[in-house]
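K.L.:
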Amino acid sequence: MSSGKPAVRLALLGCGTVGSEVVRLLHDQAEDLTARIGAPLEVVGVAVRRLGRERGNLPIDPALFTTDALGLVKRDDVDVIIEVVGGIEPARTWLTEALRAGKSVVTANKALLAEDGASLHDAAAEGGADLYYEASVAGAIPLLRPLRESLHGDRVTRVTGIVNGTTNFILSSMDATGAGFGEALEEATELGYAEADPTADVEGFDAAAKAAILASLAFHTRVTAADVFREGMTGVTAADIASAKEMGCTIKLLCIAQRGPDSTGQESVSVRVHPAMIPRSHPLAGVGDAFNAVFVEAEAAGPLMFYGRGAGGTPTASAVLGDIVAAARNRLSGTRAPSESSYAHLPIRPIGEAVTRYHISLDVADKQGVLASVAGVFADNEVSIATVRQSGRDEDATLVIVTHGAPDANLHATVEDLRALPIVRSIASVLRVEGGS
Ligand code: NDP
Ligand code: HSE
Numbered sequence: 012m013s014s015g016k017p018a019v020r021l022a023l024l025g026c027g028t029v030g031s032e033v034v035r036l037l038h039d040q041a042e043d044l045t046a047r048i049g050a051p052l053e054v055v056g057v058a059v060r061r062l063g064r065e066r067g068n069l070p071i072d073p074a075l076f077t078t079d080a081l082g083l084v085k086r087d088d089v090d091v092i093i094e095v096v097g098g099i100e101p102a103r104t105w106l107t108e109a110l111r112a113g114k115s116v117v118t119a120n121k122a123l124l125a126e127d128g129a130s131l132h133d134a135a136a137e138g139g140a141d142l143y144y145e146a147s148v149a150g151a152i153p154l155l156r157p158l159r160e161s162l163h164g165d166r167v168t169r170v171t172g173i174v175n176g177t178t179n180f181i182l183s184s185m186d187a188t189g190a191g192f193g194e195a196l197e198e199a200t201e202l203g204y205a206e207a208d209p210t211a212d213v214e215g216f217d218a219a220a221k222a223a224i225l226a227s228l229a230f231h232t233r234v235t236a237a238d239v240f241r242e243g244m245t246g247v248t249a250a251d252i253a254s255a256k257e258m259g260c261t262i263k264l265l266c267i268a269q270r271g272p273d274s275t276g277q278e279s280v281s282v283r284v285h286p287a288m289i290p291r292s293h294p295l296a297g298v299g300d301a302f303n304a305v306f307v308e309a310e311a312a313g314p315l316m317f318y319g320r321g322a323g324g325t326p327t328a329s330a331v332l333g334d335i336v337a338a339a340r341n342r343l344s345g346t347r348a349p350s351e352s353s354y355a356h357l358p359i360r361p362i363g364e365a366v367t368r369y370h371i372s373l374d375v376a377d378k379q380g381v382l383a384s385v386a387g388v389f390a391d392n393e394v395s396i397a398t399v400r401q402s403g404r405d406e407d408a409t410l411v412i413v414t415h416g417a418p419d420a421n422l423h424a425t426v427e428d429l430r431a432l433p434i435v436r437s438i439a440s441v442l443r444v445e446g447g448s
């Protein structure tokens with residue numbers, strides 16, 4: 012289909028898992044995209060690291076490939092830069108250069124946005140350019156646009172999400188089969204979910220970067236990965252999963268971003284990533300396999316749930332294509348994407364002030380006065396106990412205690428004091444509990 016209008020010219024930085032699928036979709040959907048945008052899209056260059064790499068039957072002219080990404084960014088005949096390389100540098104240099112020059116940018120780079128999104132937003136403002144990054148959080152799920160546009164008339168109070176597919180696959184598999192972390196990780200690696208070095212996923216760095224991006228958009232405040240409390244899920248054991256099951260719960264690696272008053276009454280933001288027990292009746296409990304889901308609570312809208320594939324070349328490319336269409340339409344109509352909204356400047360509340368609940372499993376000597384001593388430690392730290400369950404025989408007992416909500420610092424201090432109690436033989440596990448009353 013000919014639109015009669017000159018093409019919107021695209022430069023693709025990166026042609027790996029996501030980039031190659033962007034190329035395929037641009038080719039396969041070319042006619043529809045032209046009709047939707049009102050002008051054709053034309054790829055004028057593709058930057059990669061290795062020119063000689065085998066790329067299958069990609070529907071693109073091999074002569075367009077280059078290793079000079081910065082040179083491509085600087086070309087005058089480029090309208091939109093699509094960055095699917097990843098990492099902080101050189102991506103930051105490329106994108107700030109492009110934005111300052113007034114070129115639209117579409118990126119999937121969560122690491123860069125979470126570490127230094129400010130540089131990109133400032134460059135976009137300076138150059139009067141569009142910055143789109145829907146694919147950076149939760150892959151195919153349309154989530155950032157609803158936060159950035161649809162909910163801008165409302166006040167978002169909390170975002171709770173499963174935003175890492177690899178760890179959700181591992182925890183779902185542990186829950187379904189009773190396997191330990193190591194065994195489930197091995198399965199995730201064999202199936203191609205986990206990378207050879209799974210640190211970013213299992214230690215929560217990937218989820219923390221996404222949490223920072225979500226919190227920034229939800230609360231109109233610049234939040235970086237360094238502001239996010241992060242605890243990985245490598246310590247979750249088969250025994251924890253079994254214990255969660257006994258309580259009618261499952262364990263998920265959650266990202267939780269919340270606004271509310273701090274201890275002095277000042278409105279602030281708390282952002283954390285950690286494994287947590289959630290009731291099986293919670294909307295996020297049924298999110299299995301490598302799927303992602305994000306539960307958004309807003310004052311007027313109430314609860315909203317977003318669900319879908321959070322990773323993979325094709326699903327992620329779908330989000331990238333949506334951004335390319337938006338950027339191309341803006342260029343043609345001379346309009347712009349919504350600019351950064353960070354006017355609220357809310358302070359970040361430390362994890363110690365976040366109100367959480369703990370599930371604590373203790374091995375103790377089963378003798379008179381033990382329960383009273385243990386309960387005394389909770390009382391001394393101003394933590395209220397919700398339930399206590401005791402099991403065991405002869406001289407040993409296991410106490411499983413679930414608390415009511417309390418500042419995380421008080422709960423942490425309670426655990427340290429319990430550790431120092433002579434009648435406590437060991438603390439088998441400590442997990443936060445979310446989603447219940
Ligand atoms: P890949 O590692 O598969 O691809 C990276 C691409 O970047 C490759 O084509 C590589 O070239 C190219 N590249 C690396 N360094 C340079 C350089 N210095 N100059 C030019 N090109 C370079 O990554 P993914 O496609 O998986 O991820 C891309 C981005 O998308 C990342 O920011 C990631 O976080 C994000 N993302 C990925 C998802 C996924 O499921 N994979 C999901 C959501 C977001 P070569 O091909 O020659 O090696
Ligand atoms: N490693 C990430 C995940 C990829 O497992 O969700 C998507 O960002």
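Counting from 12, one number per residue, gives the positions in the sequence shown under this note's numbering.
C-beta: ideal position from N, C-alpha, C; glycine also.
Nothing here was measured: the structure is a model prediction, and the numbers come from that model.
1) With distance defined between alpha-carbon atoms, name the residue in I335, F302, V336 nearest to G323.
2) Rounded to the nearest angstrom, how far is the Cβ of D1 from that of A223, given a contact under 8 Å?
3) Tell me whether the region 67-77 and the region 86-97 touch, counting them as touching only if at least three CB pairs, one residue from each stretch, are closer than 8 Å.
4) Indicate, with yes or no, if ligand 2 has a heavy atom lying under 8 Å from the CB of N120.
5) Quick one: residues with CB closer than 6 Å to any heavy atom of ligand 2, in chain order, please.
6) Given the structure, does S437 come close to ligand 1, in the sense that its CB is under 8 Å from one of the ligand's heavy atoms?
7) Taking the alpha carbon of A50 as the reference point, which residue from E351, G203, L343 has its own alpha carbon closest?
8) With three or more C-beta pairs closer than 8 Å as the rule, is the region 244-256 touching the region 269-276?
9) Is R64 a contact residue of ligand 1, with contact defined as CB to any heavy atom under 8 Å?
10) In angstroms with no decimal places, state the Cα-to-Cα distance between P314 and L162.
11) Count the CB pairs spanning the region 373-383 and the region 281-298 that are closer than 8 Å, and state whether there are at least three.
12) Does the beta-carbon distance from V116 to E94 come in below 9 Å?
13) By the 10 Å Cβ neighbour count, where 16 or more other Cβ atoms means buried, how is E100 classified, buried or exposed?
14) Which of the three DSSP states, helix, strand or coil, is assigned to L131?
15) Spell out the partners DSSP gives T28 in its beta bridges.
16) My output table needs one value for S227: the three-state DSSP class, helix, strand or coil.
17) For the beta strand (DSSP E) that L202 lies in, which residues bound it at each end?
18) What is the rounded straight-line gap between the Cα of A439 and the Cα of I335?
19) Could you compute how far the alpha carbon of R291 sits from the alpha carbon of V298?
20) Can you find the residues in the same chain that come closer than 7 Å, C-beta to C-beta, to G505, ignoring five residues on each side of it along the sequence?
21) Helix, strand or coil: how does DSSP classify E2 here?
22) Taking Cβ positions, are A151 and T367 nearer each other than 9 Å?
23) Using the Cα positions of N421 and E194, report the straight-line distance between them to the nearest angstrom.
24) Run through DSSP, which three-state label would S274 get?
25) Give a single yes or no on whether S147 has its beta carbon closer than 8 Å to a heavy atom of ligand 1.
26) Drop a sphere of 10 angstroms on the beta-carbon of D141, count the other beta-carbons inside from all chains shown, and report buried for 16 or more, exposed for fewer.
27) Apart from the five residues on each side of it in sequence, which residues of its chain come closer than 6 Å, Cβ to Cβ, to Y318?
28) Look at the Cβ atom of I173, then the Cβ atom of L196, and state whether they are nearer than 9 Å.
P.N.:
Based on what the coordinates show:
1) F302
2) Since the first residue shown for the chain is 12 and the last is 448, residue 1 is missing from the structure and cannot be characterised.
3) no
4) no
5) G150, N175, G176, T177, D212, D217, G321, A322
6) no
7) L343
8) no
9) yes
10) 12 Å
11) no
12) yes
13) exposed
14) helix
15) Note: T28 sits in no beta bridge, so no partner.
16) helix
17) Careful: L202 lies outside any beta strand (DSSP E) and carries neither H nor E.
18) 50 Å
19) 10 Å
20) In the structure displayed, the chain extends from 12 to 448; residue 505 sits before or after that span and is not available.
21) Because residue 2 is not part of the residues shown, which for the chain are 12 to 448, the question remains open.
22) no
23) 34 Å
24) coil
25) yes
26) buried
27) A304
28) no
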